[in-house]
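Single-structure report; data block below.
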Amino acid sequence: MHRILPLILLGLSLTPAHAAVRDDLPALVAAFVAEERPDADQARQAAISECIISAFEGIGDEELATMIVVDDFEESFDNLLEAYPEREDIVETCEDI
Numbered sequence: 000m001h002r003i004l005p006l007i008l009l010g011l012s013l014t015p016a017h018a019a020v021r022d023d024l025p026a027l028v029a030a031f032v033a034e035e036r037p038d039a040d041q042a043r044q045a046a047i048s049e050c051i052i053s054a055f056e057g058i059g060d061e062e063l064a065t066m067i068v069v070d071d072f073e074e075s076f077d078n079l080l081e082a083y084p085e086r087e088d089i090v091e092t093c094e095d096i
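Number 22 in numbering that gives the first Met the number 0 belongs to position 23 of the sequence shown; there are no gaps in the numbering.
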């Protein structure tokens with residue numbers, strides 16, 4: 000029991016951080032889209048952002064936290080496609096919006 004309790008507490012302390020990545024994802028994506036597509040109007044940027052977020056749907060908080068690279072969101076796509084190559088069609092669709 001003495002060994003299990005620290006592991007449980009560690010798990011509980013990680014959960015909010017993992018959830019924070021999911022909570023921050025819309026802002027991270029919006030900033031990425033604004034930087035990459037400054038010529039797109041606000042409605043188009045919002046559509047692109049929604050598309051990109053959909054590519055990350057269904058991924059658990061813990062995996063998402065390891066996948067998202069805040070400083071270089073482009074790398075997040077590489078991580079996504081490495082883990083889920085079948086989502087490449089979604090990413091390509093987002094690029095075409």
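We put the beta carbon where it would ideally sit given N, CA and C, even for glycine.
field: C-alpha gap between S53 and L80, whole angstroms
entry: Taken atom to atom, the span from the alpha-carbon of S53 to that of L80 is near 13 Å.
Worksheet item: Is Q44 near A30, with beta carbons less than 8 Å apart?
Response: No. Outside cutoff.
* Asked: Rounded to a whole number of angstroms, what is the C-alpha to C-alpha distance between Y83 and E94?
  -> So the alpha carbons of these two residues sit roughly 17 Å apart.
**Prompt:** When we look at the beta-carbon of V28 and count the other beta-carbons within 10 Å, is it buried (16 or more) or exposed?
**Reply:** By the 16-neighbour rule on beta-carbons within 10 angstroms, V28 is buried.
Exercise for review: Report all residues from its chain with a CB closer than 6 Å to the CB of A46; omit the five preceding and five following residues, and keep chain order.
Suggested key: Only I96 meet the Cβ criterion.
By Cβ distance, which residues of its chain are closer than 6 Å to L51, with the 5 residues on each side in sequence left out? Position check: residue 51 holds Ile in this sequence, whereas Leu was assumed. V28 and C93, listed in sequence order.
Determine the direct distance from the alpha carbon of D38 to that of S75, and round the result to whole angstroms. So the two alpha carbons sit approximately 23 Å from each other.
field: 8 Å contact criterion, which V68 and N78 should meet: CB distance rounded
entry: Between N78 and V68 the Cβ distance is about 7 Å, and since that is below 8 Å, they are a contact.
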